[in-house]
Amino acid sequence: MKKWLPDVIVVGIPLNMDGTDQSISQHARHFANLLRERFQLPVHEMDERLTTKDARERLFAQGGYKALQDGQVDRVAAQLILQNWFAEKLNKKNDHG
0 MKKWLPDVIV
10 VGIPLNMDGT
20 DQSISQHARH
30 FANLLRERFQ
40 LPVHEMDERL
50 TTKDARERLF
60 AQGGYKALQD
70 GQVDRVAAQL
80 ILQNWFAEKL
90 NKKNDHG
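In numbering that gives the first Met the number 0, the protein residues as written are 0 to 96.
In structure tokens, the structure reads:
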């Protein structure tokens, strides 16, 4: 936080395919609330459905099974969650002029 000085925090919320909560969803929301309280920043919760699957597919296409190691899937999934948040923000801006 000290290095990047973000204006907002984005937390991925794991949901079932039908949009309902998973058992871990409440833990992710609790984590988001802790971040909100500790850093006094806006915390945006983003649906993270299919980001891990998408990340695995992208990495495999780039480098086969070797690319799926060393935490790369989580890194790419986090990147996809942020990209989705930016895209959603841009869409809202465009919808409102």
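C-beta atoms are modelled at their ideal positions from N, C-alpha and C, and glycine is treated no differently. Note that this is a predicted model, so its numbers are computed, not measured.
{"Query": "Counted within 10 angstroms of its Cβ, other Cβ atoms place residue 12 as buried (16 or more) or exposed", "Result": "buried"}
{"Query": "Residue(s) in a DSSP beta bridge with residue 42", "Result": "8"}
{"Query": "Coil, strand or helix - residue 17 by DSSP", "Result": "coil"}
{"Query": "Three CB pairs or more closer than 8 angstroms across the segment 57-74 and the segment 38-45", "Result": "no"}
{"Query": "Residue 7, buried or exposed, once every other Cβ within 10 Å from all chains shown has been counted against 16", "Result": "exposed"}
{"Query": "Residue 47 in three-state terms, based on DSSP", "Result": "coil"}
{"Query": "Residue 23, buried or exposed, once every other Cβ within 10 Å from all chains shown has been counted against 16", "Result": "exposed"}
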